[in-house]
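I have placed the structure first, in the form of structure tokens, so that the comments after it can refer back to it.
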Amino acid sequence: MKPVPFDDAETYEPEEGWRRVSMAGSDRFSFEWFEKPAGHSSPMHDHENEQVCLCLEGELTVVTEDDEVTLEPNDSVLLESDEAHRVENTGDETAVGLDVFAPGRSFDFWTDREE
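If you read the sequence shown in full-length UniProt numbering, its first letter stands for residue 1, the second for the next number, and so on.
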């Protein structure tokens, strides 16, 4: 067993108010808890990992090149491997979500990427 207390977990803040916390996982899958301020959007990006995005609080809109869906609490969406997307907080309050990636990944995806 490998517990990861939330307050001790690795944290990454790509931009002010956009915080990601690495939860328990492995090289086969990983979990990242995140919060986004109102109006914030991640850049359009893709990655080799399949991703499930679960909205825990607030409202998140997931946009792909062909579609978009707005998630409310407990709604989720699957993003296929290499599917370009961005996640926006389209609500008026901070949104909280959980991303699950398979295979697992680290914050290197954000820190080592070229824009």
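Think of the CB as a built atom: it goes at the ideal place given N, C-alpha and C, for glycine as much as any other residue.
Given the structure is predicted, the values throughout are model-derived calculations rather than measurements.
For residue i, I'd like the list of residues in its chain whose CB is within less than 7 Å of its CB, leaving aside the five on either flank, ordered along the chain.
| i | result |
| --- | --- |
| E83 | D46 and T64 |
| E13 | R19 |
Keeping to the same chain, check which residues put their C-beta closer than 8 Å to that of residue i; ignore five residues upstream and five downstream.
| i | result |
| --- | --- |
| A24 | K2, P3, V4 and F31 |
| E59 | T70, L71, E72, N89, T90, G91 and A95 |
Report the option in the options whose CA atom is closest to the CA atom of residue i.
| i | options | result |
| --- | --- | --- |
| P37 | C53, E57, R105 and S106 | E57 |
| G97 | D8, D7 and S22 | S22 |
| W18 | E88, N74 and V77 | E88 |
| G91 | H40, E13 and L54 | H40 |
| N49 | F29, L71, V62 and R86 | F29 |
| L54 | S42, T70 and D66 | T70 |
| D66 | E72, H85 and P73 | H85 |
In this structure, how does DSSP classify residue i when only helix, strand and coil are distinguished?
| i | result |
| --- | --- |
| F34 | strand |
Within the same chain, show all residues whose beta-carbon is closer than 6 Å to that of residue i, passing over the 5 residues directly before and after it, in chain order.
| i | result |
| --- | --- |
| P52 | A small correction: the amino acid at residue 52 is Val; Pro does not occupy that position in the sequence shown. Within the same chain, V52 has close Cβ partners S76, L78 and V100. |
| E35 | R19, T94 and V96 |
| E10 | S22 |
So residue i and residue j are in contact, right, with Cβ under 8 Å, and what is the actual spacing, rounded?
| i | j | result |
| --- | --- | --- |
| D8 | G104 | Not confirmed; about 19 Å, so no contact. |
Could you name each continuous beta strand (DSSP E) segment of 3 residues or more that falls completely within the UniProt domain "Cupin type-2" (37-101), going from the start of the chain to the end?
50-57, 60-64, 68-71, 76-79 and 85-89
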